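**Q** Sequence lines, in order, name chains A and B.
Position in the first sequence (from 1) plus 35 gives the number in this note's numbering.
Quick note: the second sequence, position 121, residue 108 per this note's numbering, numbers continuous.
The beta-carbon is built from N, C-alpha and C at its ideal position, and this holds for glycine as well.
This structure is a prediction, so every number in the text was calculated from the model and none was measured.
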Amino acid sequence: MSTTELSAETTTATKPNLLAIINSRHGLRLITAGTLLLVLLSITRLITGADDLTSSGTMGTTLRLTVPILLAGLAGLWSERVGIVNIGIEGMMIFGTWFGAYGAWQFGPWVGLLMGVGGGAIGGLIHAVATVRFNVDHVISGVALNLLAAGGMRYMSELVFVGKKGGGISQSPPRKSAIPTFDVPFLAGGKLFGWKSPDMLGSIEDKHWFVISDLAGILRGFAFGMSWATLLALCLVPLTAWVLWRTRFGLRLRSSGEAPFAAESLGVKVTRVRYLGVIISGSFAGLGGAYLSVVSFSAYRQGQTAGRGYIGLATMIFGNWRPSGVLGGAMLFGFSDALKLRRDDSIPALFLFISFIAALVMVLSIYRKRLIPGVLAGAFGVLFLVTYLTVNKVPSSLTQATPYLVTLLVLATASQHLRPPAYAGRPYRPGESH
Amino acid sequence: MVEETRIPVADGVGRGLSKLMTPKLHNSKNGLITTASSIAAVLLALVISGIMLKLTGKDPIAAYRKMIETGFQSDKMLEALQRATPLMLSAVAVAIGFKMNLFNIGVEGQYLFAALIAAVVGAAVSLPAPLHVAFILVVAMAAGAFWAGIAAVLKVKRGVNEVIATIMLNYVALSVIQWLFDSFFRDSSKSDLNVKTKILPRSAWMPDLASGRLSSMFIVALVMVFAYWIVVFKSRFGFRLRASGLNSVAARTAGISSNRMIFTALIISGAVAGLVAMPSVLGDIHAYGQGVPDGLGFAGIAVALLGRNHPVGIIAAAMLYGFLDATAGVLQIQHVPSSIIDVIKAIIVLTVVIVNEAVTRWMNRRTAARTSMALQAATPVGALA
């Protein structure tokens, strides 16, 4: 996948400049890993002929599928960083889809997104009142919020959408118009003052050269047919990282999630900060929902979120409660989802790719004199190689499971050093620690 | 989950005091207050929902009156129990996880997977009636345990967070079920549009308690809740489970392996989850196919939380939910969208926990105030304990 930009983007979120990234061992390792993955992906593409693996179209779809999950993951991040576990993201997203579609139908897409943010924020406020003010168990409140949103929005649909043109119990009338997209001039052939500039990346991509075309394809996915809403959502990743780790406000936010009593003793208004964090969390989830009903589709549909709130929560844990990690997890998910959507025959290519990675892990493990993991990885690689050689077509019902299986696979094989915010989910009452 | 996570606030005043201030649910007086406050909370939820109805131009009084009028007729009461049956099972499955500090969101996938396997295996064997039913129940439990076991292995061996694993496995289960169903188990002998697996032989049909109204799975569900109470609250294993769930480090010092407890808890949870769809598979459809309800796993989470993972609480919460579901249809006739029932259910969860929280806090404060008065009267600390 797009590991190279990913590593660049992720590290800029935490490190101040490019030079520092290259100097730091961590950054160097990320870039090496990214390059290796790209080369493997390219080899896989050449062997299997599955050009869709790194095409700009796949990358574009990846981005569109990534955004709602990314926003859900960031929503979880904002909430858990202030110490409130948020199982209710799904419900806040449902608020977002409904209010987003309502706004887009009545006033236009941008107002729709804004109303979605508002709807999500209301969900966040409810969660905050229950958990921060009344100290209710966070999971209970979140589960209740999910139920409330699902039932409440169905109720509202029956009252508001039934009888309107294109609307009904389970769907809203379509949006007024779509949010415009843009192509970057020169890179992806975008227009410049009415003149159509050359499509540099596109022409390289079409050559199907080793590595270079893959890189071009991946980059072009970011430059071609990009929705302004997608760009906005992607910008929220570095913004979140900057606010949480580089500002005084962010320090206060995180301190209420790590050690609220200590924060309180230093004069942080933990209750207020937590309210803010959870409401911001709701806004992110609401935007994610509105993206679904305004950008991905043209109307609200019942069950549109399809568990993306939970998946976002999973990417947050997967990403170790960090914005860059959330982006990585969401993109991994979006990528495997996109592959499955575009061409079914890309899935067997994925088997070969996984066996390559297993081989790489085997070599690394044996090099580090760790025999048993090395042998296991080797066996795993052989298994996937055999699967690739024998299976020609995976039934479409099974390809549906690709993103979920890939996520499980990555989690099961990658070594994990997860560290949640120390006080997330624990009961806290101001002034109780004497 | 709620009551245990609360940490006694007093320290340095003496053990007797902190003991006094720790809320105890099995204390009969406290139990009474919890019940009273829960009923008050349900009423409060109805008031809030009534305001919502009023604001959207509906008549709440008429709607509630209709719900009560029809809800307490005998056939609606039976329907409520019938609807409560899978909720009890699902809630017990979730609660076992909660007692070990595990959040099993995967009940959904576990029971759907188990339903398919149980229906297929059950149709393939022939046994005398009571044995056949029992055999299918065991198969369902094994299949549910197997699906939960994947998450358990991932958690114990690879440290994969069980929340992610079970969420992902829910989706994987849907795909696997679809694939198995389409490629192997679809009954192609009938050109029926209503696609299902092979119909179970008569000997595998669960008899009804009240014909067409209430399946005897209701009894099985009650037995499972009772078993949950015995195993988790009264047995040595249950003590270890709860100890490990409350503080795995402390439990490990006492020689309780938290990994083993995680594994066992998830397996048992999955086994109980396997039974959730059995009322429909054995009592209604007699196969796996259209009509096997979904969403019961998520509903079970709400019921377990509403019932505070306590056996009596789970039964009460499941019956309340069953009652509300059973009356939903009546509202539609009154031109009130029946989805208001879901709103009421959600608001009940919120008000019950908020009111209980507020009441416990008030009682703690009162106890603390009384204790401090007693202390000021120079009573020795020892006398309090």
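Using a cut-off of 9 Å between C-beta atoms, extract the partners of A:F353 located in chain B.
**A** On the first sequence, position 318 is the one that residue 353 of chain A refers to. Simply N148 and I151.
**Q** Select from the stretch 384 to 407 of chain A all residues with a C-beta closer than 7 Å to any C-beta belonging to chain B, and list them in chain order.
**A** none
**Q** Restricting to Cα atoms, I'd like to know which of B:T57, B:G96, B:A50 and B:I20 is closest to B:D281.
**A** Taking the second sequence and counting its residues from 1, the one referred to as residue 281 of chain B is at position 294. Taking only the C-alpha atoms, the option nearest B:D281 is B:G96.
**Q** Whose C-alpha, out of A:K199, A:A258 and A:S192, is nearest the C-alpha of A:F217?
**A** Counting from 1 along the first sequence, the entry for residue 217 of chain A is found at position 182. Measuring from the Cα of A:F217, the nearest candidate turns out to be A:A258.
**Q** Under 9 Å, do A:G413 and A:G159 count as touching if we go by C-beta distance?
**A** Position 378 of the first sequence, counting from 1, holds the residue named residue 413 of chain A. Position 124 of the first sequence, counting from 1, holds the residue named residue 159 of chain A. Result no, Cβ atoms of A:G413 and A:G159 do not sit closer than 9 Å.
**Q** With a threshold of 7 Å on Cβ separation, who are the neighbours of A:A223 within its own chain once the five nearest residues in sequence on each side are excluded?
**A** Here the question's residue 223 of chain A lines up with position 188 in the first sequence. Result list for A:A223: D234, L236, G237, R255, A258 and F259, in chain order.
**Q** May I ask you to list the residues that DSSP assigns as paired with A:W9?
**A** Residue 9 of chain A is absent from the structure shown; chain A starts at 36 and stops at 469.
**Q** If you count every other CB in all the chains shown that lies within 10 Å of the CB of A:V421, and 16 or more means buried, which is it?
**A** Reading the first sequence from its first residue, position 386 is the one you call residue 421 of chain A. Burial call: exposed.
**Q** Examine chain A for any beta-carbon lying closer than 9 Å to the beta-carbon of B:I92, and answer yes or no.
**A** Numbered from its first residue, the second sequence carries residue 92 of chain B at position 105. Cβ-Cβ to chain A under 9 Å: yes for B:I92.
**Q** Measuring only from the beta carbon, is B:L187 closer than 8 Å to any heavy atom that is part of the ligand COA?
**A** Looking at this structure, you won't find the ligand COA or any other ligand, since it has none at all.
**Q** For B:F90, which three-state DSSP category applies?
**A** Taking the first residue of the second sequence as position 1, residue 90 of chain B is located at position 103. Coil.
**Q** Please classify A:Q339: is it buried, with 16 or more other beta-carbons within 10 angstroms of its beta-carbon, or exposed?
**A** The residue labelled residue 339 of chain A in the question sits at position 304 within the first sequence. Result: buried.
**Q** Between which two residues does the alpha helix (DSSP H) containing A:A325 stretch?
**A** The residue given as residue 325 of chain A occupies position 290 in the first sequence. DSSP places A:A325 in the uninterrupted alpha helix (DSSP H) bounded by V305 to A325.
**Q** For chain B, check one thing: does any of its Cβ atoms lie closer than 9 Å to the Cβ of A:T425?
**A** Walking along the first sequence from the start, residue 425 of chain A turns up at place 390. With 9 Å as the cut-off, A:T425 does not count as an interface residue toward chain B.
**Q** Does the beta carbon of B:I327 come closer than 9 Å to any beta carbon on chain A?
**A** Position 340 of the second sequence, counting from 1, holds the residue named residue 327 of chain B. So yes, B:I327 belongs to the interface.
**Q** Specify the secondary structure class of A:Q337 as computed by DSSP and reduced to three states.
**A** Sequence index remark: in the first sequence, residue 337 of chain A carries index 302 (1-based). In the structure shown, A:Q337 sits in coil (DSSP, three-state: anything other than H, G, I, E or B).
**Q** Please state whether DSSP places B:T9 in a helix, a strand or coil.
**A** The residue labelled residue 9 of chain B in the question sits at position 22 within the second sequence. In this predicted model, B:T9 has a pLDDT of only 39, less than 50, meaning its place in the structure is not dependable enough to derive any value.
**Q** Cβ of B:V279 less than 9 Å from any chain A Cβ?
**A** Walking along the second sequence from the start, residue 279 of chain B turns up at place 292. Answer no: the Cβ-Cβ gap between B:V279 and chain A never drops below 9 Å.
**Q** Pairs of beta-carbons, one from the stretch 455 to 467 of chain A and one from the stretch 114 to 128 of chain A, closer than 8 Å: are there three or more?
**A** yes
**Q** Who are the neighbours of A:Y345 on chain B, taking C-beta pairs under 8 Å?
**A** In the first sequence, residue 345 of chain A corresponds to position 310, counting from 1. Ordered by position in chain B, the residues that pass the 8 Å Cβ test against A:Y345 are I92 and I154.
**Q** Enumerate in chain order the residues of its own chain whose CB-to-CB distance from B:V150 is below 7 Å, with the five nearest sequence positions on each side excluded.
**A** In the second sequence, counting from the first residue as 1, residue 150 of chain B sits at position 163. Cβ neighbours of B:V150 beyond the five flanking positions: F90 and I92.
**Q** Considering Cα atoms alone, identify which of A:K199, A:V146, A:L72 and A:T79 is closest to A:S328.
**A** As a working note, residue 328 of chain A is residue 293 in the first sequence. Closest option to A:S328, Cα to Cα, is A:V146.
**Q** Mind listing which residues of the stretch 172 to 184 of chain A have their C-beta closer than 9 Å to chain B's C-betas, in chain order?
**A** Those residues of the stretch 172 to 184 of chain A that come within reach of chain B (Cβ to Cβ, closer than 9 Å) are D172, V174, I175, S176, V178, A179, L180, N181, L182, L183 and A184.
**Q** Can you tell me whether B:M265 is helix, strand or coil according to DSSP?
**A** By one-based count along the second sequence, residue 265 of chain B stands at place 278. Looking at B:M265 - three-state DSSP - the assignment turns out to be helix.
**Q** Establish whether the CB of B:Y158 and some CB of chain A are separated by less than 9 Å.
**A** For this step, residue 158 of chain B is matched to residue 171 along the second sequence. By this cut-off, B:Y158 is an interface position.
**Q** Taking only the alpha-carbon atoms, compute the straight-line gap between A:F169 and A:I315 and give it to the nearest angstrom.
**A** Locating residue 169 of chain A in the first sequence gives position 134, counting from the first residue. Locating residue 315 of chain A in the first sequence gives position 280, counting from the first residue. Using only the alpha carbons, I get a separation of about 19 Å.
**Q** Along the chain, where does the alpha helix (DSSP H) that runs through A:D218 open and close?
**A** As a position in the first sequence, residue 218 of chain A is number 183, starting the count at 1. According to the DSSP assignment, A:D218 belongs to no alpha helix (DSSP H), since it is labelled neither H nor E.
**Q** Write down the C-beta distance between B:V263 and B:S77 rounded to the nearest angstrom, noting that I regard them as a contact closer than 8 Å.
**A** For this step, residue 263 of chain B is matched to residue 276 along the second sequence. For this step, residue 77 of chain B is matched to residue 90 along the second sequence. The Cβ separation is near 5 Å, so the contact holds.
**Q** Determine the closest residue to B:A121 out of B:L269, B:L99 and B:H322, with distance taken between C-alpha atoms.
**A** In the second sequence, the residue the question calls residue 121 of chain B occupies position 134. It is B:L269.
**Q** Should A:G186 and A:Y335 be called a contact, given that it needs their Cβ atoms to be closer than 9 Å?
**A** Position 151 of the first sequence, counted from the start, is the residue given in the question as residue 186 of chain A. Position 300 of the first sequence, counted from the start, is the residue given in the question as residue 335 of chain A. Taking 9 Å as the Cβ cut-off, A:G186 and A:Y335 do not qualify as a contacting pair.
**Q** Which of the three DSSP states, helix, strand or coil, is assigned to A:A459?
**A** Position 424 of the first sequence, counting from 1, holds the residue named residue 459 of chain A. It is coil, neither helix nor strand.
**Q** Specify, as a first and last residue, the run of the beta strand (DSSP E) that A:L301 falls within.
**A** Position 266 of the first sequence, counted from the start, is the residue given in the question as residue 301 of chain A. Note, A:L301: premise wrong, no beta strand (DSSP E); not H, not E.
**Q** Quick check on DSSP: helix, strand or coil for B:G199?
**A** What you label residue 199 of chain B is simply residue 212 of the second sequence in a count that begins at 1. The answer is coil: DSSP assigns B:G199 none of H, G, I, E or B.
**Q** Suppose you measure from the CA of B:R227 to the CA of A:A156; what does that come to, to the nearest Å?
**A** Taking the first residue of the second sequence as 1, we reach residue 227 of chain B at position 240. Taking the first residue of the first sequence as 1, we reach residue 156 of chain A at position 121. Straight-line measurement puts the Cα of A:A156 at about 42 Å from the Cα of B:R227.
**Q** So, at 8 Å on beta carbons, what are the nonlocal neighbours of B:L12 in its own chain, with the 5 sequence-adjacent residues on each side left out?
**A** As a position in the second sequence, residue 12 of chain B is number 25, starting the count at 1. Summary for B:L12: the model assigns pLDDT 44, below 50, so the residue's position carries little reliability; its value from the coordinates is reported in the next sentence. Correct list, in chain order: E(-10), G18, T21, R295 and H297.
**Q** Measuring alpha carbon to alpha carbon, tell me which of B:F250, B:L40 and B:Y98 ends up nearest B:N284.
**A** Working through the second sequence from its first residue, we reach residue 284 of chain B at position 297. Contrary to the premise, residue 284 of chain B reads as Gly rather than Asn in this sequence. Nearest C-alpha to B:G284: B:Y98.
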